[in-house]
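Residue numbers (the numbering used here): 3 to 195. Where is the CB? At the ideal position from N, CA and C, for every residue including glycine. As the structure is a computational prediction, the values presented were derived from the model and not from experiment.
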Amino acid sequence: MRAHRIRWWAYLLVAALGVGGGAATAALEERYHVSLLGLPWFVSAMLAVFGVGVLVAAWQVRRYATTEPRKRVQLRTITPERAVDTLILSKALALAGAVLLGWYAGELLMVVGHLQAPYYRRIAVECVVACVASLIDMVCGVIGEGFCQLPPSEGPEHPKIEQRRKKMRGERPDRGVAWKSDDNDDTAAVPGR
């Protein structure tokens, strides 16, 4: 199984869904007078701290994966399970950050018309802070997902290995394979004729 990067349009889609959810929440709050808007400062701070934590874990995975095998002994051991868990956390963080960014942006759009009231002004400031924290989470998740990608393995098909083989055999690297003979005879290139 191979892990694929999340496409850019997926972030736009979930952010749009978040905008719809946030706007619906603001409409419900206005109609039924229940307090559902905003986000406490502590939660916004914890979102940003969680995003940075996932980014640090993904950086450790990248550092381990890109280090030469002889030098990996000096690094703290990263198990495959931990690397996969970090990749899953990065993907989840990126998508959750996009949804929450849309959600609080939707709430902010619905509250902007009522900024003369102190209650809505406080909610607008909380929504702006929550949008920034969600954006940090989304960016940390996207970068972390990129950090968890393995570098290309230098197997027998890798261009570097092929160039080394040609160098050892004394071949020129730009020399191609001739499929037809030089005298433009089509039958000479087909084996068995």
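Taking only three categories from DSSP, how would you classify residue i?
i: residue 6; result: coil
i: residue 71; result: coil
i: residue 45; result: helix
i: residue 152; result: coil
i: residue 190; result: Per-residue confidence for residue 190 stands at a pLDDT of 49, beneath the threshold of 50, marking its modelled position as unreliable; the derived number appears in the next sentence. Note: residue 190 maps to helix in three-state DSSP.
i: residue 195; result: No answer about residue 195 holds up, because its pLDDT of 48 lies below 50 and its placement is not dependable.
i: residue 116; result: helix
i: residue 1; result: With the chain running from 3 to 195 in the structure shown, residue 1 is simply not present.
i: residue 145; result: helix
i: residue 90; result: helix
i: residue 78; result: coil
Let me check understanding here. Comparing Cα to Cα, which of the options lies closest to residue i?
i: residue 68; options: 168, 152 and 7; result: 152
i: residue 103; options: 49, 59, 167 and 90; result: 49
- request: Determine, using beta-carbon pairs with one atom in the segment 123-133 and one in the segment 79-87, whether at least three such pairs fall under 8 Å.
  value: no
message: Under 8 Å, with one C-beta from each stretch per pair, do the segment 138-152 and the segment 108-118 reach the 3-pair mark?
response: no
- request: Determine, using beta-carbon pairs with one atom in the segment 58-65 and one in the segment 94-106, whether at least three such pairs fall under 8 Å.
  value: no
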